[in-house]
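Working notes, beginning with the structure itself.
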Amino acid sequence: MDQDPGLGSLGGDRHVAVASPPVLASTPAPHPVHEPICHQARPQGDIPEESRHEGHLNRRLLIPTHATPSIIPPHTRRILLVRLSARGDLVFASPLAAAIKRTFPHVHLAWVAEERTADVIAHNPHVDELIVWERAGWKRLFKERRWGELSDAVRSFVTELRARRFDVAIDVQGLLRSGVVAFLSGAPMRIGLASREGSGLLMTRVLPLGGNKRAISSEYENLARQLGLRVDPFTIEIPPSEQDRSGARALTGGGGGYIVVAPFTTRYFKHWFEDRWSGLLERLGPATGRRVVMLGGPADRAAAERILGPITSDVLDLVGRTALGEAAAVVEGADAVIGVDTGLTHMAHGYERPSVLLLGSNTPYLEPPLPVSRILHSGRDCSPCRGKLTCEGRIDCMRDLSVDHVLDAVQEVLAPTVPVRGGAAPE
């Protein structure tokens, strides 16, 4: 889903088994400008009674929240969660681990993920074991036709999975490859989501897709409820290690007082235009009285230099200089986060940091999870097209978002009248 902000050691005390997008410039195009919509969390009084639970806003699901018996047998001892890729979705899925442990506190919980995204889960306190699928290595062996080595790698991975004797495997991704991993685990009970790729054929039980598509992480909370898990609270958890926090303090100077911008993601149609990022960064610090920190991965260096090239305002450029854990700790200590649909932006929700999310052609999460969140979306009839651009590549939905729109939203979330929960800067 989004670009790696730099891979570091997975760390932790638990067992671990081990193309650049085109440049986007906002050149005027012959199309009408569509005034974007700034979405914010609805007041508690605006939410239907059945969407509230124990005094907390159920901001994701417009369904009754009464508990249901778990479909997972009570004697279960070992569970495997399968969510292999897409950083943002791993962030969204992270509350599942806590829900499983809350319901089955003595279960051994393992999570399998690809090597390029596994660090999202590395410090989740509810995951006992992180299993890394070296998919990139398999693809390389396949392309080089090194069939013997590929066969050995597959056999070794399957052997390691089956040696753990999982009772239940839960495929929360719903792709064919994630279904295959769940199947190869040998778990006698395999639970998955309805899928167009046919992964349901590999499951012993298939659950329907659901949730409030307008709300972040709702599909995973809906899955947790169908599983009969204890979901309250269902909050994103990507805790940095103390070493990561120390590294973040060293990079930022400590003490907070900064705004994070996260402009980068792997899919070009999710990007805002580079010259608009330049315009925003030129004005952001002076307008808010705060330092500005830009985050991204090593592959984003060229784009970062293009964005920073024309501006004169000070920006702390950390693009390609952090591992994910350090980047997460930088987000944790920020006064606000501004970004596109990428994992770093969504981490702000888990840390309850004020945030502004820029959305265009992708899934429109139009119900922010926090009072201090704003989602800017053009509201065009063609959105979301999910990358199947109908605008001759102009990406009109992102073009509708101006620097002024973003600055106004930032000022809103930083206003002292906006309630902020938690999120103290690490010291």
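Residue numbers (the working numbering): -12 to 414. Ideal placement from N, C-alpha and C gives every residue a C-beta, glycine not left out. Keep in mind it's a predicted model, so treat the numbers as computed, not measured.
| Asked | Found |
| --- | --- |
| Own chain partners of Lys257 with C-beta closer than 6 Å, once the 5 adjacent residues on each side are dropped | Val327, Asp328, Asn349 |
| Beta-carbon proximity list for Gln213, same chain, < 6 Å, skipping 5 on both sides | Leu194 |
| Candidates Ser72, Leu71, Ala85, Arg133: closest to Pro226 by CA position | Ala85 |
| Delimiting residues of the beta strand (DSSP E) encompassing Val69 | 65 to 69 |
| Ile59 versus Val155: straight-line alpha-carbon distance, rounded | 8 Å |
| Segment limits, alpha helix (DSSP H) that includes Val145 | 134 to 150 |
| DSSP state of Leu49 mapped onto helix, strand, coil | With a pLDDT of only 39 at Leu49, under the threshold of 50, the placement of this residue in the model should not be trusted; the figure read from the coordinates follows. It is coil, neither helix nor strand. |
| Assigned secondary structure, His18 (DSSP; H/G/I helix, E/B strand, else coil) | Note that His18 scores 49 on pLDDT, short of 50, meaning its location in the model is unreliable and no value can be drawn from it. |
| Any 3 or more C-beta pairs closer than 8 Å across the stretch 83 to 98 and the stretch 173 to 181 | no |
| Residue environment, Asp383, which counts as buried when at least 16 other CB atoms sit within 10 Å | buried |
| The beta strand (DSSP E) enclosing Met190, as first and last residue numbers | Met190 -> no beta strand (DSSP E), and no H or E assigned at all. |
| Own chain residues within Cβ distance below 8 Å of Arg270, not counting five before or after | Ser300, Val390, Leu394 |
| Touching by the beta-carbon criterion (3+ pairs, under 8 Å), the stretch 68 to 82 and the stretch 234 to 243 | no |
| Asn209 versus Met385: straight-line alpha-carbon distance, rounded | 30 Å |
| Of the residues Gly241, Ala97, Ile294, Gln230, the one placed nearest Arg149, counting alpha carbons only | Ala97 |
| Beta-bridge pairing of Ala97 - partner residues as DSSP gives them | Leu67, Glu116 |
| Coil, strand or helix - Leu401 by DSSP | helix |
| According to DSSP, residues forming a beta bridge with Tyr245 | Arg278 |
| Inter-residue Cα distance where the pair is Arg70 and Ser81 | 10 Å |
| From Pro297, Ser228, Phe260, residue whose alpha carbon lies closest to that of Val317 | Ser228 |
| Boundaries of the alpha helix (DSSP H) in which Met295 is found, first to last residue | Going by the sequence as given, residue 295 is Leu instead of Met. That run of the alpha helix (DSSP H) goes 288 to 295. |
| Proximal residues to Ser186 (C-beta, below 7 Å), its chain only, five neighbours per side dropped | Asp158, Gly161, Leu162, Leu163, Ser165, Gly166, Gly179 |
| Close Cβ partners of Ser342 (< 6 Å) along its chain, the five nearest in sequence each way excluded | Val324, Ala335, Ser360 |
| Start-to-end residues for the alpha helix (DSSP H) that takes in Val318 | 311 to 319 |
| With 16 other Cβ atoms within 10 Å as the buried cut-off, status of Phe129 | exposed |
| The alpha helix (DSSP H) enclosing Ala84, as first and last residue numbers | 82 to 90 |
| With 16 other Cβ atoms within 10 Å as the buried cut-off, status of Gly284 | buried |
| Per-residue burial, Pro355 [other beta carbons within 10 Å of its own, 16 or more giving buried] | buried |
| Separation of Gly366 from Val279, as counted between CA atoms | 29 Å |
| Sub-7 Å separation of Ala321 and Val247 beta-carbons | yes |
| Environment of Pro56 [buried if 16+ CB atoms lie within 10 Å] | exposed |
| beta-carbon Pro341 near the ligand PLP non-hydrogen atom, thresh 6 Å | Of the ligands one can find in the structure shown there are none, so the ligand PLP has no counterpart to examine. |
| For Leu210, three-class secondary structure by DSSP | helix |
| Contacting residues, own chain, Cβ-Cβ under 8 Å from Ala100 (five flanking each side not counted) | Arg70, Leu71, Ser72, Leu77, Val107, Ile108, Leu117, Ile118, Val119, Trp120 |
| Glu399 versus Leu267 - alpha carbon distance | 16 Å |
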